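**Student:**
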Amino acid sequence: MTAYIIRRLFIGLIILLLVTMLVFLFVRLLPGDPLMVFMGNYSPSSTINTMTAAEHDALMHKYGLDRPIWIQYGDWLNQVLHGNLGKSLRIGQPISELIGERIGRTAYIGVIIFVITTFGGILAGVYCALRRGTWIDNTITTIANIGMTVPVFWFGVLLIYVFGYKLGWLPFFGWKDPWDDFGYSCLYLIMPVASVALGGIAGMARLVRSCMLEVMRTDYVRTAWAKGLSERVIVVRHQLKNAMIPVVTALGGTLGMILGGSIFIENVFSIPGMGRLMTTAIFDYDYQIVQASALIFGGIIIFSNLIVDIAWGWLDPRIRLA
Amino acid sequence: MAKKTVNTAPSQDAMGVAVAPPKHSEWRRFARVFFGRKLYLIGFIIVVILIFTAIFAPLIARYDPVTNDLPNKLQGPSTEHWLGTDQLGRDIYSRIVWGTQISMEIGFAAVFSSAIVGILMGLAAAYFGGIVFAIIMRVTDALMALPGIILVLLIAGLGGRGIGVVIFALAFGNIAGMARMMCGQALSVKQNDYVMAARSIGMSNWRIMWAQIFPNAFPPLIVGLTMGIGGVVLGEAGLSYLGIGVPAPAPSWGGMVMDGQGYLLQNPIISLAPGVAIMLLVFGFNMVGDGIRDAIDPRLRGVL
Amino acid sequence: MALLDVQNLKTYFHTEYGLVKAADGVSFNVNQGEIIGLVGESGCGKSVTILSIMQLIPSPPGKKAGGKVIFEGKDLLQYQPNGQEMRSIRGSKLTMIFQEPMTSLNPVLTIARQMTETLELHLDMDKSAARERGIELLKMVGVPDASRRIDDYPHQFSGGMRQRVMIAMALSCNPMIIFADEPTTAVDVTTQAQLLELMKDLVTRLNTSLVIVTHNLGVVARYAQRIYVMYAGRIIESGPSEAIFSDPQHPYTVGLLNSVPKLGERHGERKLIPIYGLPPNLINMPPTCAFLPRCNAKIGRCSKEPWPELRVVGKDHLISCYANIKGK
């Protein structure tokens, strides 16, 4: 098991390295001027330049952007390994500070959504599988089919319209940190969480339901029935653990969906978190922030996939001993 | 022991009446499963209507989608403007109709181009194995380590504005998944004896890939492609909502949701109606994908 | 008084193509300590018959369509499939061994867990007693190093070993009857013989009845005392083993025996003759004898009258056929 974890950890690090390379390449090779952040641009082909070629070159040189890309990458990586994520080009603040202020909020919302999605999805999916064909199953399955198609941002806007404007029950703009005023902060939390959790629960319920139905058809479940065990024991002991194996492997994807969703809800509800930081940075062409936040997002996903792999090994003895 | 009186040779009529399983052509079977369930049928009808709307948008729309008409801004539904008008006086119904065309264009273009690259990568990884497999898998791992929408956002955000960039970004975000799916299918097909047979008669790698593996690995991929269209349209709407998708004033569903967010009290339809259109499209393609999967899933044969 | 008396058992399946009468009026009985062979081609309904007795047919698509299964004076089919009465019999008095040893054990539970659960449930043993008994049972079926291997997972066992575990599980609660559904089909030939010997030894020792369901005549020839031959959902011939093998009366049984070699027979001594044609498709069957299209002993009545009832042709020997192939 230890060897297995070490191997997964090693692969995870390699993938993280690849992620940073890819992001670095995107940022530097896509046709956008990295100096746009200074509200100035220069291009030999353009007629409306707000800085001269000399000014442009000087800035490029100052930020080391005139060096070959692999040297820039090596330099950046070296800095990151020494714990230095660089400075925001636009506001000059160290990026680690910017991220430090925001990552807690994104993580807080994300964990809540993750827990709700996982438990809600598993409960609904197992229930539907056990009562398949009944009207409750049909209703939940239909809602799940529709829920999967709802765009996160649109659902957020709908909630704002209904609960913010029409009913006036919930605040819909901005954010309260839970340590400032816990009760009030929960009100701020409801709509963003619901926006992402709807699709999450829908997808999870569908997956769990089909996994359960798959397991119900297996020979070993028939064996369990032939032993005279009660339905409850068969479901809990023989079906759930087997059905959870594919579900656990999908949890990494669920987390990706939640992080992707954070981009939208933080923009819809103006929450100052990682997602909003990254979108703003992309708009501003603040490439240092873009690189750093991609590193963080990628790191979170890769780390959680590692945990998923370990959980998988724990659930499935065939992996554990392999 | 063996009685001479019993003649076990077949008589002509014995062979003639031997009962064969009922003859159902694959297509008829497919159609019966596919159209046999209401949800799939509804999804199919939605997709047909939307494709029709996209193609004949100029005939179906009632106003020009980008011409402002400020005196008539923010109107509610009426006989002139079925869904009212937006903050610039543009007819919402017409913008949604034209938006169908844009969404479909982007959906098909991005899925098609990502499928070509993804299929090539997946086939190569599965067929050659070894180092090729390892490299392609690690690259797809890296691409999938970033949540899809973040990858797409990066490319679209840093790549400049325009439909071309949006399609490129969405296609890029789709490639890793396509390659994985193709690779998985091809690997399982590769186990079959007929691939071994093809190799033993000296068929070239290239021909084995295209003549043996690809045709057998492709059908399950159709499900992924169909559902991919829904996913890509959702992605495009998201980008446009964030303001890095289809540039204004072109009518894009996601952009319309953003436009209307500031006018929710005056006219909520601006934001809400395009969302319903997005959901219809994604639902339609998802159901068609589900239907195809059910209809080609050999494990379900004879059960439904 | 037979231990188990199956009377006119009918199990139908509703499929997309039509109604399949998988078991259509099957009657047989099992006496204490007896080994019974239930023989037929794949798809003839033998597994369905066993699963129907145990009420393990998934419904839908399966459906109890009639008949009785009398066990200890009670009709099992009157019980709810997953009700308390049925569950207290399943796994304790009536147990099963399935065909696929690779998939019939739960991959994520240890052998110990899978063995002890029946002991705890039916015999009210506590954890440690159940474990001790589990190890004892594994030793009995010849699993080496049983006290250590009981904590292993199924994938750490070979196919033959897993089938031994299945046998141990089937024996664990001192059952009255063990139904073995193609118990040796999925393992190689040498293991097959070992397993059959093992089962025979154990049931003889414990005075348990054993019903072996198989398509392989060779398997039952050596072990079964009585044989039932099934075709298209019905018993078409039944009788003591010797009678079936030395004096088969139904054209189908004759065909079966003509198509397999006999031990000790010299090469070329007798020509092996296949049964031509295909097993019938069970959907929407005609009322006449299902073997008719493949039969070469048919007489005029066969195509006009419905499937014949079983009739006596010797001591305990019955066939369902109009023709007298011996010319009696």
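As they're listed, the protein sequences go chains A, B and C.
Per my numbering, residue -14 is the first one in the first sequence, and the count goes up by one each step.
Per my numbering, residue 123 is the first one in the second sequence, and the count goes up by one each step.
Per my numbering, residue 227 is the first one in the third sequence, and the count goes up by one each step.
Each residue gets a CB set at the ideal place from its N, CA and C atoms; glycine is no exception.
A quick note: this is a predicted structure, and the numbers were derived from the prediction, not measured.
(1) Using 10 angstroms around the beta-carbon of B:P143, count the other beta-carbons present and answer buried if the total reaches 16, otherwise exposed.
(2) Give me the residue from A:N227, A:T91, A:L1 with the minimum Cα distance to A:I304.
(3) Here's a check: name, in chain order, each residue in its chain whose Cβ is nearer than 6 Å to the Cβ of A:I(-9), leaving out the five neighbours to either side.
(4) Excluding sequence positions up to five away, which residues of its chain have a Cβ less than 7 Å from the Cβ of A:P302?
(5) Give the single residue among B:L309, B:A399, B:L387 whose Cα lies nearest to the Cα of A:Y146.
(6) Going by DSSP in three states, C:E517 sits in which element: helix, strand or coil?
(7) Should A:I292 be flagged as near chain B, meaning a C-beta pair shorter than 8 Å?
(8) Under three-state DSSP, which class holds C:F297?
(9) Threshold first: 4 residues or longer. Then list the alpha helix (DSSP H) segments lying entirely within the region 256 to 327 of chain B, N to C.
(10) CA-CA distance, B:G350 and A:T239?
(11) Tell me which residues of the region 380 to 401 of chain B have at least one Cβ-Cβ distance to chain A shorter than 7 Å, keeping chain order.
(12) C:V246 and C:I461 look like a contact to me (Cβ under 8 Å); what is the Cβ gap, rounded to whole Å?
(13) Show which residues of chain C have a CB atom less than 8 Å away from the CB atom of A:W210.
(14) State yes or no: is the beta carbon of A:T264 nearer than 8 Å to at least one beta carbon in chain B?
(15) Please list, in chain order, the chain A residues whose beta carbon lies closer than 9 Å to that of B:V410.
(16) Any C-beta of chain B within less than 8 Å: which residues of the region 219 to 233 of chain A qualify?
(17) Under 9 Å, CB to CB, which of the residues in the region 243 to 270 of chain B have a partner in chain A?
(18) With a 10 Å radius around its C-beta and 16 neighbouring C-beta atoms as the bar for buried, classify A:A307 as buried or exposed.
(19) Please list, in chain order, the chain A residues whose beta carbon lies closer than 7 Å to that of B:A359.
(20) Quick check on A:Y58 - is its C-beta less than 8 Å from some C-beta in chain B?
(21) Please give me, in chain order, every unbroken run of the alpha helix (DSSP H) with length at least 4 that falls completely inside the region 182 to 215 of chain A.
(22) Between A:L244 and B:P269, is the Cβ-Cβ spacing less than 8 Å?
(23) Tell me which residue opens and which closes the beta strand (DSSP E) that B:N389 is part of.
(24) Which residues share a DSSP beta bridge with C:E463?
(25) Which residues does DSSP list as the beta-bridge partners of C:A406?
(26) In whole angstroms, give me the CA-to-CA distance for B:K126 and C:G540.
(27) Which residues in chain B have a C-beta closer than 7 Å to the C-beta of A:Y150? List them in chain order.
(28) Is there at least one Cβ from chain A nearer than 8 Å to C:R313's Cβ?
(29) Per DSSP, A:K308 is paired with what?
(30) For the region 220 to 229 of chain B against the region 237 to 244 of chain B, are there 3 or more C-beta pairs whose distance is under 8 Å?
(31) Report the rounded CA-to-CA distance for B:I285 versus B:R150, giving the unit in angstroms.
(32) Looking at the structure shown, is C:T329 part of a helix, part of a strand, or coil, going by DSSP?
(33) Kindly say whether A:A307, judged by its beta-carbon, lies nearer than 8 Å to any beta-carbon of chain B.
(34) Could you check what DSSP says for B:P143 in three-state terms: helix, strand or coil?
(35) Could you compute how far the alpha carbon of A:L198 sits from the alpha carbon of A:T119?
**Tutor:** According to the structure data:
(1) With a pLDDT of only 44 at B:P143, under the threshold of 50, the placement of this residue in the model should not be trusted, and no figure is reported.
(2) A:N227
(3) none
(4) none
(5) B:L387
(6) The sequence given here places Phe at residue 517 of chain C; Glu does not occur at that position. Correct three-state label for C:F517: coil.
(7) no
(8) strand
(9) 270 to 280, 285 to 312, 315 to 322
(10) 17 Å
(11) Q383, L386, L387, P390, S393, L394, G397, I400, M401
(12) Going by Cβ atoms, the distance from C:V246 to C:I461 rounds to 18 Å, so no, they are not a contact pair.
(13) L282, N308, R316
(14) yes
(15) Within 9 Å Cβ-Cβ: nothing; B:V410 doesn't reach chain A, min ~12 Å.
(16) none
(17) R260, V261, D263, A264, L265, M266, A267, L268, P269, G270
(18) For A:A307, the pLDDT reaches just 47, beneath the cut-off of 50, and the residue's location in the model is therefore unreliable, although a value from the coordinates is still provided. The residue is exposed, with fewer than 16 neighbouring Cβ atoms inside 10 Å.
(19) P136
(20) no
(21) 204 to 211
(22) yes
(23) That residue, B:N389, is in no beta strand (DSSP E); it is neither H nor E in DSSP.
(24) C:V455, C:I545
(25) C:I323, C:I438
(26) In this prediction, B:K126 has a pLDDT of 36, which is less than 50 and means its spatial position is unreliable; nothing more can be read from the coordinates.
(27) L386, L387
(28) yes
(29) Look at the range of chain A in this structure, -14 to 307, and you will see that residue 308 of chain A is not part of it.
(30) no
(31) 40 Å
(32) coil
(33) Since pLDDT at A:A307 reaches only 47, below the 50 mark, its modelled position is unreliable, and no value is offered.
(34) Low confidence applies here, because B:P143 scores a pLDDT of 44, under 50, leaving its location unreliable and the question unanswered by this model.
(35) 14 Å
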